[in-house]
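Data first, discussion second: the structure below is written as structure tokens.
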Amino acid sequence: MRILVDGLDLSGKTTLVDTLLESLAARGVPAVRHRGMLAEHHPFEGLLKKLPLARQAESSGITAAYLAAGFALDAALVPFDPPHTGGALLIQEGYADRTMAVGLAGGPYLPAALALWASRCFATFDLAVFLHASPDVRRHRIADRAHPDVGDRRSVEDEGFAHRFDTALLHHLGRRHRCLLTFDTGQFGPEEIAEQVIAAMTLPTSVATRHPVLGTVAAAA
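Note that the sequence shown covers residues 1 to 221 in the UniProt record's numbering.
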């Protein structure tokens, strides 16, 4: 099983993944954190990492490179070269969904718009968990961060960008996954969210087909 955790900077992705790993370990369920491309031997991942990803919102070229040479190729490769997890559950922190949302919020750039139109062509996940938080919550979080990067500052200083990102991610991109949960991390703590995610892992797909509602816990196909 593959789970995706995604959202705007300062929405709580890393904290939730940490909590999920701890909660699953306590239940005797092996799980691993994964970032980047899913394919174990993606030919361009090393080159893509040399691009200034923090500046993607300002660049149609970086957006196009990650979506075409990165994630589109990844979708073709991963059925034949899946990530090596040793049988553990894979929890992916960020994927093409975030890249598309950044490109749409920062531009909107044509590569991101085309990718949104063809979003079901990218690798999907059994369960996607999309996070969001209010501007005030993000401002408090950045104050506690020792070394905020460009993406962190943009998520706080550019409320228009943050709104467009959340609109793209929460209203459009979730439809491509088998099941979707959305959480406002200003209202739900990581432990509570982790419990909801673990509960959703046991639901048949036919049960988890409700459209997500912002600020609440919901599931969608």
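Cβ atoms here follow ideal geometry from the backbone N, Cα and C, with glycine treated the same way.
All of these numbers come straight from a predicted model, not from anything done at the bench.
Assign residue i to one of three DSSP states: helix, strand, or coil.
i: G87; result: coil
i: A162; result: helix
i: E192; result: helix
i: E93; result: strand
i: D126; result: coil
i: V5; result: strand
i: V78; result: coil
i: H211; result: For H211, the pLDDT reaches just 37, beneath the cut-off of 50, and the residue's location in the model is therefore unreliable, leaving the point undetermined.
i: Q187; result: coil
i: S174; result: It is Gly, not Ser, that sits at residue 174 in the sequence shown. Here G174 sits in helix by DSSP.
i: E22; result: helix
i: L10; result: coil
i: V17; result: helix
i: M37; result: coil
Starting from residue i, follow the beta strand (DSSP E) in both directions and report where the run begins and ends.
i: D97; result: Segment A96 to G106 is the alpha helix (DSSP H) holding D97; no beta strand (DSSP E) there.
Of the choices the options, whose alpha-carbon is the least far from that of residue i?
i: residue 222; options: L67, L51, G87 and A200; result: Beyond the ends of the chain as shown, which are 1 and 221, falls residue 222; an answer cannot be given.
i: D18; options: Q92, Q56 and R164; result: Q92
i: D126; options: A96, A25, M100 and H177; result: H177
i: Q196; options: T14, R2, M1 and S23; result: S23
i: L59; options: T185, I142 and L110; result: Rather than Leu, the amino acid found at residue 59 in this sequence is Ser. With distances taken between Cα atoms, S59 lies closest to L110.
i: A72; options: A39, G86, G107 and L47; result: A39
i: R2; options: A76, H84 and V137; result: H84
i: R153; options: R27, A200, A57 and F183; result: A57
i: W117; options: T99, H172, H140 and I142; result: H172
i: R120; options: A76, G28 and P108; result: A76
Beta-carbon separation of residue i and residue j under 7 Å?
i: G174; j: F130; result: yes
i: P190; j: L16; result: yes
i: D81; j: H34; result: no
i: A128; j: L180; result: yes
i: F11; j: H132; result: According to the sequence displayed, residue 11 carries Ser and not Phe. For S11 and H132, yes; Cβs fall inside 7 Å.
i: S101; j: A168; result: Checking the sequence, you will find Ala at residue 101 rather than Ser. Yes, they are a contact pair.
i: D9; j: G151; result: yes
i: E159; j: P135; result: yes
i: G94; j: T63; result: no
i: G186; j: V137; result: yes
i: M37; j: D97; result: no
i: F183; j: I193; result: yes
i: G70; j: L48; result: yes
i: F161; j: A115; result: no
Grab the span of the alpha helix (DSSP H) containing residue i for me, first residue to last.
i: residue 224; result: The question about residue 224 has no answer here: the residues shown for the chain are numbered 1 through 221.
i: A113; result: L110 to W117
i: R27; result: Premise fails: R27 is in no alpha helix (DSSP H) and is neither H nor E.
i: E58; result: That residue, E58, is in no alpha helix (DSSP H); it is neither H nor E in DSSP.
i: A143; result: P135 to A143
i: G151; result: V150 to E157
Using DSSP bridges, identify the partner residues of residue i.
i: V32; result: L90
i: T202; result: DSSP lists no partner for T202.
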